[in-house]
Structures are given as structure tokens and as C-alpha cells.
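Here is the structure we will look at.
In UniProt numbering, the protein residues as written are 1 to 199.
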């Protein structure tokens, strides 16, 4: 695991430039990690361009971020910025964000990530001599109130309007079907999955 040394929310795809400073670190769960002094996208620069890892990975998962990255703020997301940097280097990437709530439900995101991996596993490990199709996906999972659950996964485009709806509370008891955007899906209790353009 390679990640910024400090919180870098809202930094999009910014990079520091030059040789990056890193230090050994440990995650909150006790896993060995590398802390990069810089932005989320710098973690990718260090890993893929500056020898931070020995072998190019089949996939980069950026996150799980605390707080949803939907609609017009998607481009401002450091989580998405890191995933975009990976995709630009030919590595499929998934940005994952867990919605804010009374209790931030990271296991809900982990469950959706496993589901995504099962769907994409074969494509991420092609036969010898074949190339991998580079995908860049943005997954946002709501933190549902007690007594309700995430309603499922909806593949939806990124909203281009209704930015004010980003402030609406998530209704995991909603009965709305067939949401038309990431914001509408998320606000109505669905995990939203949006395919983003690969640079």
C-alpha cells in the first residue's frame, strides 16, 4: 500500500514533481505501507514511475476515501486523481469512496469492491500475449442509517447538473428505481459506479 502521508482531500490530480520523499508507515489495520509526502496522484508517480513497486500491477484501487465523490466534485477528488494517474499509465483503476454518515460504513464499500473484482477479474488477467483494456471506474457507497442497507449497485453516468443535490441526505429506504446519475443513485441508497474517461 502506498498513500499520501497526510490528508490530501480535494487535490484532484495534482502532482509535486521531482523525486518524491517517502517513509515507511503502517496502516490503521497494521499493514505495512509507504507514506508519500505529496498528493494522492504522487503515490502513483512514486509507485509506477520512481520504482516504488517492483512490478506493474494488474489493478490500482484508490481509497477507500471518507466522503462521497460525485457529480461536479469528482474531478476535484484526490482519490479519483490517483486512479486517473494510474489509468493514464496503462493500469486499470478503481476509485472508491464511502459516503459520510453517522457511522462511516467502510465494510459496505469493501463488499462492493469485492463484487467489482469478481466481475472484472477475468478482464484484469488476460491470456498471455493479450493486452488489458484500461478501465477507470468511480465507486461511491452510501453509509446507510441503522435499520437500512445499501440497495444494490447501479452503473450510472456522472451527474452534470443537480450539484446542489450533493448536500441532500442519503435515503436508503427510498423506493426510486432506475436512477439516471451518480448523485441520484447515491442519494437514493444505491452504490453508484461511474465509468470515467481514461486520459
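Using N, Cα and C, we set each Cβ at its ideal position, and we do this for glycine too.
Where do the ends of the beta strand (DSSP E) carrying residue i lie?
{"i": "residue 79", "result": "Taken as a continuous stretch (DSSP letters only), residue 79 belongs to no beta strand (DSSP E), being part of the alpha helix (DSSP H) at 78-88."}
{"i": "residue 107", "result": "Careful: residue 107 lies outside any beta strand (DSSP E), inside the alpha helix (DSSP H) at 106-124."}
{"i": "residue 149", "result": "Here residue 149 belongs to no beta strand (DSSP E), and DSSP marks it neither H nor E."}
{"i": "residue 137", "result": "136-141"}
{"i": "residue 192", "result": "191-195"}
{"i": "residue 98", "result": "93-98"}
{"i": "residue 179", "result": "Taken as a continuous stretch (DSSP letters only), residue 179 belongs to no beta strand (DSSP E), as it is neither H nor E."}
{"i": "residue 5", "result": "Premise fails: residue 5 is in no beta strand (DSSP E) and is neither H nor E."}
Under DSSP, the alpha helix (DSSP H) around residue i begins and ends at which residues?
{"i": "residue 210", "result": "With the chain represented from 1 up to 199, any question about residue 210 goes unanswered, as that position is not in the structure."}
Select from the options the residue whose C-alpha is nearest the C-alpha of residue i.
{"i": "residue 60", "options": "68, 91 and 43", "result": "91"}
{"i": "residue 158", "options": "192, 187 and 172", "result": "192"}
{"i": "residue 136", "options": "175, 15, 128 and 124", "result": "124"}
{"i": "residue 102", "options": "128, 145, 75 and 127", "result": "145"}
{"i": "residue 22", "options": "7, 29, 12 and 33", "result": "33"}
{"i": "residue 185", "options": "71, 17, 7 and 28", "result": "71"}
{"i": "residue 18", "options": "49, 58, 28 and 9", "result": "49"}
{"i": "residue 8", "options": "56, 66, 130 and 26", "result": "66"}
{"i": "residue 153", "options": "130, 182 and 35", "result": "182"}
{"i": "residue 176", "options": "151, 197 and 196", "result": "151"}
{"i": "residue 120", "options": "16, 133, 128 and 173", "result": "133"}
{"i": "residue 42", "options": "28, 89 and 29", "result": "89"}
Leaving out five residues before and five after residue i in sequence, what residues of the same chain have Cβ atoms less than 6 Å from its Cβ?
{"i": "residue 62", "result": "79, 82, 83 and 95"}
{"i": "residue 44", "result": "82, 85 and 86"}
{"i": "residue 76", "result": "10 and 12"}
Here's a check: name, in chain order, each residue in its chain whose Cβ is nearer than 8 Å to the Cβ of residue i, leaving out the five neighbours to either side.
{"i": "residue 53", "result": "2 and 47"}
{"i": "residue 113", "result": "61, 64, 94, 96 and 139"}
{"i": "residue 143", "result": "98, 99, 100, 101, 102, 103, 104, 105, 108 and 170"}
Give every residue of the same chain whose Cβ lies closer than 7 Å to the Cβ of residue i, excluding the five residues on either side of it in the sequence, and list them in chain order.
{"i": "residue 187", "result": "165, 168, 170 and 171"}
When we look at the beta-carbon of residue i and count the other beta-carbons within 10 Å, is it buried (16 or more) or exposed?
{"i": "residue 161", "result": "exposed"}
{"i": "residue 38", "result": "buried"}
{"i": "residue 20", "result": "buried"}
{"i": "residue 24", "result": "exposed"}
{"i": "residue 6", "result": "exposed"}
{"i": "residue 190", "result": "buried"}
{"i": "residue 155", "result": "exposed"}
{"i": "residue 141", "result": "buried"}
{"i": "residue 195", "result": "exposed"}
{"i": "residue 179", "result": "buried"}
{"i": "residue 4", "result": "buried"}
{"i": "residue 131", "result": "exposed"}
Give the list of continuous alpha helix (DSSP H) stretches no shorter than 4 residues that lie fully inside the stretch 25-80.
40-44
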